[in-house]
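Enquirer: Just so we're aligned, residue 11 is where the sequence shown starts under the working numbering, counting upward by one. Virtual Cβ for every residue (Gly too), placed ideally from N, Cα, C. As the structure is a prediction and not an experimental result, all values here were calculated from the model.
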Amino acid sequence: MKRPEHDPQESTDTPAAPSPRTTIVGGRPPEKADAAQTVPTGLQRLLRLASFDGAFREELIRRRGAAAKAAGVPLTASESAVLAAIPAEQLAQMAGNLPPPAPGRREFLRQTAATAVVLLGGAALGSTQVGCPLAAGGARPDMPPPPEDRDAGAEAEAQPEQDHPVTRGISVDIPPERPDQSEMMTGGGAAPDMPPEPER
């Protein structure tokens with residue numbers, strides 16, 4: 011009986027799989043270079059820019075996704091969701107807690123942050139300092155008009171005619187003056203009853 015040249019159980023179309031590597035816990039399956047997952051670093055890059063430039067930090071707090079797009083920092087779907095859910099106070103605190111960058115990267119970070127701020131329509135700061143927070147101005151109250159304007163407006167308004175004088179509330183009843191001498195008292199005081207005269 012003639013023996014076949016190739017074993018039917020062996021496949022000649024696909025190459026043999028590489029043997030697993032041996033570790034202290036046993037065999038480990040082979041790994042490919044393209045199978046390794048990349049760690050997203052978009053949030054870290056945004057926080058680094060926000061920690062170095064105060065103007066970019068304000069834009070990142072107000073306009074999360076637009077600031078990342080203007081800075082040229084790509085974000086994954088999970089990073090975009092996390093960035094949108096972080097409160098403004100916590101986001102500013104996270105940016106402020108980062109250590110200062112290396113001296114060789116400061117100029118690059120400054121130019122990147124300034125370009126992003128200009129693209130967002132803001133004004134880039136002329137000079138920035140690491141860890142220097144911006145003073146919040148807040149909303150200013152409406153200033154009242156000058157006194158002469160208020161008086162002129164009051165005089166221009168027509169005052170309605172009133173049938174009764176305007177009262178100023180309930181006034182206290184003034185008590186009458188006390189007499190110097192009581193009307194029930196005589197000049198000499200109370201006279202005693204005189205006994206009747208005896209009959210003669």
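Applying the criterion that 16 or more other CB atoms from any shown protein chain within 10 Å of the CB defines a buried residue, is Thr86 buried or exposed?
Expert: Exposed: under 16 other Cβ atoms inside 10 Å.
Enquirer: Can you tell me the Cα-Cα spacing of Gln54 and Asp152, whole angstroms?
Expert: When rounded, the distance between both Cα atoms is 41 Å.
Enquirer: Tell me which residues share the same chain as Pro189 and place their Cβ nearer than 6 Å to its Cβ, disregarding the 5 neighbours each side in the sequence.
Expert: Counting only Cβ-Cβ distances below 6 Å, and skipping sequence neighbours, we find nothing.
Enquirer: How big is the Cα-Cα spacing for Ala94 and Pro155?
Expert: Distance between the alpha carbons of Ala94 and Pro155: 42 Å.
Enquirer: Going by the beta-carbon positions, is the gap between Ala77 and Leu57 smaller than 9 Å?
Expert: In this structure, Leu57 does not lie closer than 9 Å to Ala77 by Cβ.
Enquirer: Kindly list the residues whose CB is nearer than 7 Å to the CB of Arg84, restricted to its own chain and excluding five residues on each side of it in sequence; keep chain order.
Expert: Looking at the sequence provided, one finds Pro at residue 84 rather than Arg. Result list for Pro84: Gly52, in chain order.
Enquirer: So, are the CB atoms of Ser90 and Arg67 less than 9 Å apart?
Expert: No, these two residues do not count as a Cβ contact at 9 Å.
Enquirer: Report the rounded CA-to-CA distance for Asn107 versus Ile71, giving the unit in angstroms.
Expert: Cα-Cα distance, rounded: 16 Å.
Enquirer: Alpha helix (DSSP H) containing Arg74: first to last residue?
Expert: 74-80 is the extent of the alpha helix (DSSP H) around Arg74.
Enquirer: Measure from the alpha carbon of Ala126 to the alpha carbon of each residue in Ala105, Val182, Glu69, Pro206, then state which is nearest.
Expert: The candidate whose alpha carbon is nearest that of Ala126 is Glu69.
Enquirer: Report all residues from its chain with a CB closer than 7 Å to the CB of Glu209; omit the five preceding and five following residues, and keep chain order.
Expert: Nothing listed; no residue qualifies.
Enquirer: For the alpha helix (DSSP H) that Val92 lies in, which residues bound it at each end?
Expert: Where Val92 is concerned, the enclosing alpha helix (DSSP H) stretches over 87-95.
Enquirer: At the level of alpha carbons, what is the spacing between Pro205 and Pro186?
Expert: Whole-angstrom Cα-Cα distance: 42 Å.
Enquirer: Out of Thr122, Arg150, Met104, which has the shortest C-alpha to C-alpha gap to Gly82?
Expert: Among Thr122, Arg150, Met104, the Cα nearest to that of Gly82 belongs to Thr122.
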